[in-house]
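S.K.: Sending over a structure as structure tokens; questions will come in a sec.
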Amino acid sequence: MRTKASKLAQLEIPDNIYNWAVDFFENHAHCTKFAGTISAVAVIHASVIQGSAIGPASFIVTVSDLHPIHDRNRIFKFADDTYLIVPAVNTDTCHEEIQHLQTWAADNHLKLNRDKTKEIVITASRMRAPPPPRPYVERISSLRILGVTVNKM
0 MRTKASKLAQ LEIPDNIYNW AVDFFENHAH CTKFAGTISA VAVIHASVIQ GSAIGPASFI
60 VTVSDLHPIH DRNRIFKFAD DTYLIVPAVN TDTCHEEIQH LQTWAADNHL KLNRDKTKEI
120 VITASRMRAP PPPRPYVERI SSLRILGVTV NKM
């Protein structure tokens with residue numbers, strides 16, 4: 000696992016920006032004030048701090064080393080979404096790829112959101128039987144990606 004600092008070190012950025020970013024991520028804490036009561040301070044270990052101005056850029060740096068295990072599979076990343084594309088010839092690699100994503104997420108202090116994890120099976124022929132459903136992954140017939148709806152038809 001590469002740390003956030005080691006991933007940032009690979010970028011051509013000035014030392015002062017690098018030092019600021021590392022300090023921001025390594026020493027970030029949060030507390031909440033509600034109805035006059037302040038919560039205890041909680042140290043944030045996440046590699047991407049949502050809601051911060053640096054969050055989107057941080058995600059890009061964090062996912063820079065996320066790649067599929069198998070050649071024909073693809074991973075597409077946008078904002079804080081990740082899409083794993085597995086062609087029919089590689090259906091036997093799905094479980095391994097999902098495990099790889101889960102391990103990578105844990106190594107990077109992120110959590111794979113199982114509620115948002117979906118599977119859509121698209122085949123060129125209605126004669127071909129789809130692979131069996133994945134455990135804990137909801138199979139859907141329509142998926143919206145960046146405003147574009149993909150239907151399995």
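Take numbering that gives the first Met the number 0: the final residue in the sequence shown is number 152, and no numbers are missing along the way.
Quick reminder that beta carbons are idealized off the backbone N, C-alpha and C, glycines included.
Remember, predicted model here, so these are calculated numbers, not experimental data.
Please work out which residues of its chain come closer than 6 Å, Cβ to Cβ, to H69, disregarding the five sequence neighbours upstream and downstream, and give them in chain order.
M.R.: The residue you call residue 69 lines up with position 70 of the sequence shown. Excluding sequence neighbours, H69 sits near N89 and T92.
S.K.: Tell me whether I144 is buried or exposed, calling it buried when 16 or more other Cβ atoms sit within 10 Å of its Cβ.
M.R.: Walking along the sequence shown from the start, residue 144 turns up at place 145. By the 10 Å Cβ count, I144 comes out exposed.
S.K.: Work out the CA separation of A41 and K32 for me, nearest whole Å.
M.R.: As a working note, residue 32 is residue 33 in the sequence shown. As a working note, residue 41 is residue 42 in the sequence shown. Distance between the alpha carbons of K32 and A41: 13 Å.
S.K.: First and last residue of the alpha helix (DSSP H) that includes V21?
M.R.: Along the sequence shown, read from residue 1 onward, the residue named residue 21 stands at position 22. Here the alpha helix (DSSP H) through V21 covers D14 to E25.
S.K.: Grouping DSSP H, G and I as helix and E and B as strand, with all else coil, what is E11?
M.R.: As a first step, residue 11 is located in the sequence shown; it is residue number 12 there, counting from the start. DSSP places E11 in coil when its eight states are reduced to three.
S.K.: Shortest alpha-carbon distance to K76 belongs to which of H108, I59 and A20?
M.R.: Looking up residue 76 in the sequence shown gives position 77. Taking only the C-alpha atoms, the option nearest K76 is I59.
S.K.: For W171, does the count of other Cβ atoms within 10 angstroms reach 16, so buried, or fall short, so exposed?
M.R.: Absent from the structure is residue 171, since the part of the chain shown begins at 0 and ends at 152.
S.K.: Just confirm the distance between the C-beta atoms of V120 and P129, as a whole number of angstroms; I'd bet it's less than 8 Å.
M.R.: Position 121 of the sequence shown, counted from the start, is the residue given in the question as residue 120. Position 130 of the sequence shown, counted from the start, is the residue given in the question as residue 129. Correct: roughly 4 Å between the Cβ atoms.
S.K.: Under 8 Å, do K110 and T61 count as touching if we go by C-beta distance?
M.R.: If you number the sequence shown from 1, residue 110 lands on position 111. If you number the sequence shown from 1, residue 61 lands on position 62. No. Outside cutoff.
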